[in-house]
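Those protein sequences? They're chains C and G, same order as listed.
No gaps in the numbering here: position 30 of the first sequence is 30 in our numbering, and each next residue is one more.
No gaps in the numbering here: position 71 of the second sequence is 1071 in our numbering, and each next residue is one more.
Even glycine gets a Cβ: it sits at the ideal position worked out from N, Cα and C.
To keep things clear, I will list the structure first and then write my remarks on it.
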Amino acid sequence: MWVYEKKLQYPVKVSSCNPQLAKFLVEQYGGADGELAAALRYLNQRYTIPDKVVGLLNDIGTEEFAHLEMIAAMIYKLTKDATPDQLKQAGLADHYVNHGEALFYSNAAEVPFTATYIQAKGDPIADLYEDIAAEEKARATYQWIIDMSDDVDLNDSLRFLREREIVHSQRFREAVEILKEERDRKKVF
Amino acid sequence: MAKNQVYTKSYHPYHSPDDPCPDPGEKHYSTPPHLYMGFQPEKLPQFSPKEALQKGTLWPALYDPYEKNQKLKG
Ligand SMILES: [Fe+2]
């Protein structure tokens, strides 16, 4: 089970009235390398990975939901006061027609989220290598969103999220090392 | 910051005299510190808890803040 804390992992502040940034941020909400994909991927892989790294997948998978919540807060803040015309200007007309002001799990091009973005191969090394790749792709997505954004406060939160991807990647790399050592030890005994 | 020389690399794609746009020069890409760390060594220096919460990591050795358009500027 989970214990919910009614606050964001890191403060989210938006300083410019620019709903177009919401369109970009959706990539990290329901995109292939986004936070939803990350959370679902890791928490599902927990069941078929050696005991030693189950806790890591559990912790990181849980944190990804906290990131998802930060992205949601950003999108909400950027769109909540926009008129339909402003949303149209921002390239969000298709989204508005389908969802009104609601958030939805799609990528920046409005393609809905699909489970085919993630994998569980049941092979610990294959799964961890996918996880490392996912972290590097999420890190890169944050870079490109920061490049597209002039919102200093938003970029501050995005920089935090990018740094977390670095830490996650490091921990997944260490998980691979742990599993490699485990195999060696079994050989000895 | 000096860290960018360490955690970014660059290359210069070929630019033909016939290419219509000006040569943007070097392209930079991120090579963050975790790529070089292997298993994290014990007893590395830490940020203060407050600083760590702000930066997204407890470890200066893993800290790599991204600047807008780092791809162009390195
Ligand atoms: Fe992550």
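Asked                                                                                                                         : Found
With 16 other Cβ atoms within 10 Å as the buried cut-off, status of residue 95 of chain C                                     : buried
Within-8 angstroms CB hit, residue 187 of chain C to chain G                                                                  : Legend: pLDDT at residue 187 of chain C = 46, less than 50; position of this residue unreliable, value from coordinates given subsequently. So no, residue 187 of chain C is outside the interface.
CB contact check: residue 155 of chain C to chain G, cutoff 8 angstroms                                                       : yes
Cβ-based contacts, 9 angstroms cut-off: residues of the stretch 1045-1069 of chain G near chain C                             : 1053, 1054, 1055, 1056, 1057, 1058, 1059, 1062, 1063, 1064, 1065, 1066, 1067, 1068 and 1069
Check: residue 135 of chain C C-beta below 7 angstroms from any heavy atom of ligand 1                                        : yes
Buried/exposed call for residue 1015 of chain G, threshold 16 Cβ in 10 Å                                                      : exposed
Per DSSP, the bridge partner or partners of residue 23 of chain C                                                             : BP columns for residue 23 of chain C are empty, so no partner.
Residue 38 of chain C Cβ short of 7 angstroms to ligand 1 heavy atom set                                                      : yes
Contact the stretch 1016-1023 of chain G vs the stretch 129-136 of chain C: 3+ CB pairs below 8 angstroms                     : no
Segment contact, 8 angstroms Cβ cut-off, at least three pairs: the stretch 11-27 of chain C with the stretch 74-94 of chain C : yes
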